[in-house]
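Here the structure comes first, spelled out in structure tokens, and everything after it is commentary.
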Amino acid sequence: MTSLQPIDLLISARWIVPVEPDRVVLEDHAVAVEAGAIVEVLPVGEASAKYAPRERVDLPEHALIPGLVNAHAHNPMTLLRGMADDLPLMQWLQEHIWPVEARVIGPEFVRDGVELAIAEMLRGGTTCCSENYFFPDAQAQAYRTHGFRAMVGLPIIEFPSAWAKDRDEYFDRALAVHDQYRGDALVGTSFAPHAPYTVADASFERIRMLSDQLDLPVHLHLMETAKEVEDSRREHGLRPMQRLQKLGLVNDRLIAVHMTQVSEPEIAACAEAGVSVVHCPESNLKLASGFCPAEKLRRAGV
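Numbering (the numbering used here), first residue to last: 1 to 302.
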């Protein structure tokens with residue numbers, strides 16, 4: 001008689017929707033897990049004959065899917081939810097969000113907001129997020145404590161905050177957090193310059209150099225509103241993405257968030273360079289910023 005193979009966990013479900021193969025639904029299958037990794041997906045009968053799980057979860061009326069990913073989050077801001085609505089982006093930021101943040105943000109505020117967001121994300125099936133906020137060290141600690149996978153943004157912005165007083169301190173603290181979590185199984189890092197309208201060329205050039213050296217993504221808000229594009233043309237003589245192209249940041253490490261004002265030539269440039277675009281329809285509707293042409297981007301290969 002063949003002995004059963006011990007494993008940590010066996011999850012059986014009425015339906016399983018895997019990542020690969022694409023567009024396939026497996027009926028009455030099970031997922032075998034050992035040491036935190038999926039080792040096999042197989043029919044329930046075969047799984048019962050092969051494995052002796054230390055824990056078993058049966059989901060007879062459920063569809064089991066891979067964890068969802070929130071590709072752009074300001075999770076500590078769950079604590080600021082509802083404090084200003086029905087306003088355009090810059091008025092919302094300058095008159096409401098930034099003044100409040102200046103008074104309240106710190107490690108405890110960030111940790112508490114992240115913990116609330118983790119509970120909400122898990123309830124909706126999200127198991128991974130990409131963060132963009134201050135105090136990334138407090139964020140990272142909270143994500144690790146709760147076993148939640150995250151890419152924590154290392155904030156860069158030109159004005160002082162509770163996190164850093166000037167450009168050099170933003171970069172020094174960013175690199176310290178990156179070094180602390182280098183190679184971590186759950187927490188990764190990215191550079192998170194806030195947006196072209198809050199980050200100077202000198203900072204972008206430094207980010208490009210460090211991103212190249214460390215092979216880190218660059219995660220920023222880009223062309224979120226028509227005003228952003230107009231202001232960039234007036235100040236720099238270039239659209240925001242043209243400015244980033246000039247600075248060498250439009251490449252396969254760029255994660256461009258919002259992109260409601262992206263043009264056809266810029267869509268083609270994103271596809272050619274391997275840029276990733278994050279569509280945030282709820283945010284864009286809240287602030288009346290416009291709509292990201294997500295289907296055009298998808299058809300172009302972005």
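For glycine and all other residues, C-beta sits at the position ideal for the given N, C-alpha and C.
Taking C-alpha positions only, residue 195 is separated from residue 31 by approximately 42 Å. Counting along the chain, residue 143 sits inside the alpha helix (DSSP H) bounded by residues 136-145. Taking the Cα of residue 183 as reference, the smallest distance to any Cα among 214, 157, 133 is reached at 214. Counting only the Cα atoms, residue 287 lies some 28 Å from residue 301. In summary, residue 253 is buried, with 16 or more beta-carbon neighbours lying within 10 Å of its beta-carbon over all protein chains present. Of the other Cβ atoms in all chains shown, 16 or more fall within 10 Å of the Cβ of residue 76; this residue is therefore buried. Taking a 10 Å sphere around the C-beta of residue 277, we find 16 or more other C-beta atoms and assign the residue as buried.
Inside the region 253-285, DSSP marks whole beta strand (DSSP E) runs of 3 or more residues at positions 254-258, 276-278, from first to last along the chain. Setting aside the 5 residues that flank it on each side, residue 133 is surrounded in the same chain by 74, 76, each with a C-beta closer than 6 Å to its C-beta; the list follows chain order.
Look at the region 28-106 and you find these whole runs of alpha helix (DSSP H), each 4 residues long or longer: 44-50, 89-92, 98-104. In chain order, 140, 143, 144, 150, 152, 181 place their CB closer than 7 Å to the CB of residue 187, counting only its own chain and leaving out the 5 sequence neighbours on each side. Of the candidates 166, 61, 175, 201, 175 places its Cα closest to the Cα of residue 190.
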